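Data first, discussion second: the structure below is written as structure tokens.
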Amino acid sequence: MKNYIKADEWNIIEDGFDPHLNKISESLFSIGNGRMGQRANFEEAYSGETLQGNYVAGVYYPDKTRVGWWKNGYPEYFAKVLNAANWIGLDIKVDDEVLDLNVCRVSAFKRVLNMKEGTLSRSFTAELKNGKVVRVEAMRFCSIADDELAALHYCISPVNFEGIITITSFIDGDVKNQDANYDEKFWNEVKQQQDSNADYLVLRTKKTEFDVCTAGKSIVLYNGKELSLDVVTKDKYVGRTVNVQIKKGDSVNIYKIVTTLSSQNYEKGQLLAVAELKLGKAVNKGFYKLLKEQVLAWTVKWEESDIIINGDVAAQQAIRFNIFQLNQTYTGKDARLNIGPKGFTGEKYGGSTYWDTEAYCIPFYLSTAPEEVAKNLLVYRYKQLDKAIENGAKLGFIDGAALYPMVTMNGEECHNEWEITFEEIHRNGAIAFAIFNYIRYTGDESYLAQYGLEVLIGVARFWKQRVNWSADKNKFVMLGVTGPNEYENNINNNWYTNKLAAWCLRYTIEASSVVKQIAPKEYKKIVAKTRLEEEKEFSDWTAVADQMYYPYDAKADVFLQQDGFMDKEQILVKDLPAEDRPLNQKWSWDRILRSCYIKQADVLQGMYFFEDDYDLETLRKNFNFYESRTVHESSLSPCVHSILAAKLNDEEKAYEFYLRTARLDLDDYNNDTEDGLHITSMAGTWMSIVEGFAGMRVRNGQLVFNPFVPKAWNYFSFSIGFRGVQLKVKITADQVRIINGSNQILEITIFNQSYTFPSGEKAITYNEQLV
Ligand code: BGC
Numbered sequence: 037m038k039n040y041i042k043a044d045e046w047n048i049i050e051d052g053f054d055p056h057l058n059k060i061s062e063s064l065f066s067i068g069n070g071r072m073g074q075r076a077n078f079e080e081a082y083s084g085e086t087l088q089g090n091y092v093a094g095v096y097y098p099d100k101t102r103v104g105w106w107k108n109g110y111p112e113y114f115a116k117v118l119n120a121a122n123w124i125g126l127d128i129k130v131d132d133e134v135l136d137l138n139v140c141r142v143s144a145f146k147r148v149l150n151m152k153e154g155t156l157s158r159s160f161t162a163e164l165k166n167g168k169v170v171r172v173e174a175m176r177f178c179s180i181a182d183d184e185l186a187a188l189h190y191c192i193s194p195v196n197f198e199g200i201i202t203i204t205s206f207i208d209g210d211v212k213n214q215d216a217n218y219d220e221k222f223w224n225e226v227k228q229q230q231d232s233n234a235d236y237l238v239l240r241t242k243k244t245e246f247d248v249c250t251a252g253k254s255i256v257l258y259n260g261k262e263l264s265l266d267v268v269t270k271d272k273y274v275g276r277t278v279n280v281q282i283k284k285g286d287s288v289n290i291y292k293i294v295t296t297l298s299s300q301n302y303e304k305g306q307l308l309a310v311a312e313l314k315l316g317k318a319v320n321k322g323f324y325k326l327l328k329e330q331v332l333a334w335t336v337k338w339e340e341s342d343i344i345i346n347g348d349v350a351a352q353q354a355i356r357f358n359i360f361q362l363n364q365t366y367t368g369k370d371a372r373l374n375i376g377p378k379g380f381t382g383e384k385y386g387g388s389t390y391w392d393t394e395a396y397c398i399p400f401y402l403s404t405a406p407e408e409v410a411k412n413l414l415v416y417r418y419k420q421l422d423k424a425i426e427n428g429a430k431l432g433f434i435d436g437a438a439l440y441p442m443v444t445m446n447g448e449e450c451h452n453e454w455e456i457t458f459e460e461i462h463r464n465g466a467i468a469f470a471i472f473n474y475i476r477y478t479g480d481e482s483y484l485a486q487y488g489l490e491v492l493i494g495v496a497r498f499w500k501q502r503v504n505w506s507a508d509k510n511k512f513v514m515l516g517v518t519g520p521n522e523y524e525n526n527i528n529n530n531w532y533t534n535k536l537a538a539w540c541l542r543y544t545i546e547a548s549s550v551v552k553q554i555a556p557k558e559y560k561k562i563v564a565k566t567r568l569e570e571e572k573e574f575s576d577w578t579a580v581a582d583q584m585y586y587p588y589d590a591k592a593d594v595f596l597q598q599d600g601f602m603d604k605e606q607i608l609v610k611d612l613p614a615e616d617r618p619l620n621q622k623w624s625w626d627r628i629l630r631s632c633y634i635k636q637a638d639v640l641q642g643m644y645f646f647e648d649d650y651d652l653e654t655l656r657k658n659f660n661f662y663e664s665r666t667v668h669e670s671s672l673s674p675c676v677h678s679i680l681a682a683k684l685n686d687e688e689k690a691y692e693f694y695l696r697t698a699r700l701d702l703d704d705y706n707n708d709t710e711d712g713l714h715i716t717s718m719a720g721t722w723m724s725i726v727e728g729f730a731g732m733r734v735r736n737g738q739l740v741f742n743p744f745v746p747k748a749w750n751y752f753s754f755s756i757g758f759r760g761v762q763l764k765v766k767i768t769a770d771q772v773r774i775i776n777g778s779n780q781i782l783e784i785t786i787f788n789q790s791y792t793f794p795s796g797e798k799a800i801t802y803n804e805q806l807v
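Rendered as structure tokens:
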């Protein structure tokens, strides 16, 4: 755990330079715009510890699988989002000595991520070995107004000398991924071009053959005059250089405007021409106009998604950091893109899509962005349905049974641990649940006819084939699975997976009847396309759902995570020696597997999804039982526990779990922020406040709140969009105050009582009785 980030409501601030923290800061201060993302690497050379990272969404490399022992069905490759051409590069020399903060004496170092405006600034004073001291002020951003643009400004001033500062501004495509399986470089050069205006570099990924054009215009000003720059060319590298004879008290200003375009969106042959046009326009606007557009675009984002926490600056900073990073990672403009667990902030998890999106991220985007944003996350899976059916077929499933991958970039499975790839099949259920969740929130049933039902049919067929009849139990059972708790593998009858499977089967039948009713023509088409044998398949699915086996322990009166769970030695987490934790670093995998310790919500994930199926007493018993055995070693774990604790009116516990997710990265809670940020669990932090503390739900098409304010806060408020209405909800200790930004009258339930909210502001005061 670290504590070096200064508390501030709108900014993430690092004061002072500590090279040991540099990789953590590179993650924390990352910037992005949904299409590209850049770690907070320095513009100038740095010979210290660093993870260079600049990623272009959807551009990946299929790195050949590396496993000890090959198993049939393993994917051939692990997809990874690539470290792309370095567009921020500036080499600075002061009287021939390289400016490198690793070897300089650095003072007055400050890094600021301005979340309100979407900019990263850095300033420092550096004394080089030659005794020359320079002051640098830099700022950059990835434009969210135009997600193919980025810009930087770098101002350097001599403090104690007159001499020559050499500036080389470049785009360098000779980059690597640290996680390359075979230490290979993934890019080939296609073309470079340098004309009087700008520098262009077109690179092509090996195997996947994505072309990416990075083009930049560098402007160097001295005393307000633009200097002419000399061209520098190397393999996979285009640059410009100039020597500036500089006087004390003067400054050189460097502006660099860059466009990154990929062949996902343009014909390969057109990339250069489009880049020229695009860059030309951006350069005409200039850095400050682009910055203004950036600030405006972020104002709109914050209007839609801000949460205000009054009375606790650290909490305020944390929630804004989470929201900021989520908005930087996914903007919902392109249904081919998704949300990697680390977003664009590191290489871990390969930038690929996990069940995290459906189980954790959907609620955030549903409430804080226009409807198409969450919808595009669902459409992403629709587009990959054929691949999911292929994936199922590879494992022996037939007749259109779809098994979505655990980890994917293009619909193909690319994870290669058998116990996860083949067995962590609950992800299929989360994808179905997300469709349900989207429709519950938006009321948009037409989605089923358009896309959803086909996915559900594929998923239902998979579950039907994945279970088998147990003559012994006289029930359907599901053998050899891994639940969300990855500290158990190859188990039988994971309660959560069985529950989810049965629910999917029923929901698919229900969804079919909705489509049949609201869109009979589309229904016929879907039946024909999927070769659905309604009568037979529905009856098979109903039989499985009705006769599913759910492990239960009568003595503890809890749902059992899986068969045999009670055979394990039941020592609670609180009785574990502190030095044994985290278990995944201190214990052998063998010991973990045999223990009763749970990595993340498993039974409780099911009780979170299907809360209306259980009374509070049942929830309480299961919560107490499982939470006391949970080590929360996945960042996705605390949020679900926080929401359930809030539901159980255990405000302190709800807050305690919230704290574990909210500043997870800012305080480097798990000692791994340097690998990248936990983007998908950030959506869980948002859920802890909105679904947990505010108790927001959608029931029968209406919003419901059961709120409380954590003791450490005075009040909190948040913005949400709901069915075309923009709302601001403020929760104080005894009031819910809602501003309805539309002309529609909304019915909202607060503590079981329904109220009408016309346009404008209205407050409902509640007291103990009402609660
Ligand atoms: C969790 C998974 C999750 C993955 C990516 C793992 O540690 O156990 O549930 O999908 O991280 O976030």
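Numbering-wise (the numbering used here), the sequence shown opens with residue 37 and increments by one.
C-beta atoms are modelled at their ideal positions from N, C-alpha and C, and glycine is treated no differently.
All values reported here derive from a predicted model rather than from experimental measurement.
| Check | Outcome |
| --- | --- |
| Among Glu329, Leu439, Ala690 and Asp370, the one whose alpha carbon lies nearest that of Ala4 | Residue 4 is absent from the model: the chain starts at 37 and stops at 807. |
| Heavy atom of ligand 1 within 7 Å of Leu362 beta-carbon | no |
| Validate contact between the region 600 to 616 and the region 431 to 448 using beta carbons, cut 8 Å, 3 pairs | no |
| Inter-stretch contact (C-beta, 8 Å, three-pair minimum) for the region 139 to 158 and the region 176 to 191 | yes |
| Per-residue DSSP class, three states only, for Leu414 | helix |
| Ligand 1 heavy atom lying under 7 Å from the CB of Trp391 | yes |
| Any non-hydrogen atom of ligand 1 closer than 7 Å to Asn672 Cβ | It should be noted that the sequence gives Leu, not Asn, for residue 672. Leu672: yes, Cβ under 7 Å from ligand 1. |
| Local Cβ density within 10 Å of Ala309, reported as buried at 16 or more and exposed below that | exposed |
| Lys635 beta carbon near ligand 1 (any heavy atom closer than 7 Å) | yes |
| C-alpha gap between His451 and Asp99, whole angstroms | 11 Å |
| For Ile192, the residue or residues it bridges with in DSSP | Val172 and Val288 |
| Spatial distance of Leu695 from Lys243 (CA atoms) | 44 Å |
| Neighbourhood of Tyr351 by C-beta distance below 6 Å, restricted to the same chain and skipping five residues each side | Per the sequence shown, the amino acid found at residue 351 is Ala instead of Tyr. Correct list, in chain order: Ile345. |
| Thr716 Cβ short of 7 Å to ligand 1 heavy atom set | yes |
| CB of Ile554 within 8 Å of CB of Ala470, strictly | no |
| Collapsed DSSP secondary structure at Glu797 in the structure displayed | strand |
| Whole-angstrom C-beta distance between Lys292 and Leu188, which should lie under 8 Å | 5 Å |
| CB-CB length for Leu315 against Ala234, believed under 8 Å | 6 Å |
| Reduced DSSP category for Val491 - H, G, I as helix; E, B as strand; rest coil | helix |
| Identity of the residues DSSP links to Glu573 by a beta bridge | Looking at the DSSP assignment, Glu573 forms no beta bridge with any residue, so it has no partner. |
| Helix, strand or coil at Asn58 according to DSSP, with G and I counted as helix | helix |
| Stretch-stretch touch, CB-based, cutoff 8 Å, three pairs: the region 549 to 568 with the region 512 to 524 | no |
| C-beta atoms of Tyr588 and Asn534 nearer than 8 Å | no |
| Cut-off 8 Å between Cβ atoms - residues of its own chain near Leu541, not counting five sequence neighbours on either side | Ala496, Trp499, Lys500, Trp577, Thr578, Val580 and Ala581 |
| Residue nearest to Leu484 in terms of C-alpha spacing, selected from Gly125, Ser717, Gln771 and Pro556 | Pro556 |
| Leu64 versus Thr709 - alpha carbon distance | 8 Å |
| Cβ-heavy atom distance, Tyr366 to ligand 1, below 7 Å | no |
| Own chain residues within Cβ distance below 6 Å of Ala730, not counting five before or after | Phe741, Pro743 and Ile767 |
| Tyr258: first and last residue of the uninterrupted beta strand (DSSP E) it sits in | Asp247 to Tyr258 |
| Reduced DSSP secondary structure (H/G/I, E/B, other) of Phe787 | coil |
| In chain order, each alpha helix (DSSP H) run of at least 4 residues that lies wholly inside the region 610 to 685 | 619 to 622, 625 to 630, 639 to 645, 652 to 663 and 673 to 683 |
| For Lys511, the residue or residues it bridges with in DSSP | Ser506 |
| Among Lys509, Thr566 and Ile527, the one whose alpha carbon lies nearest that of Ile425 | Thr566 |
| Span separating the alpha-carbon of Phe114 from that of Asn685 | 44 Å |
| N-terminal and C-terminal residue of the beta strand (DSSP E) that Asn224 is part of | Trp223 to Gln230 |
| Alpha carbon of Arg476 to alpha carbon of Phe645, nearest angstrom | 12 Å |
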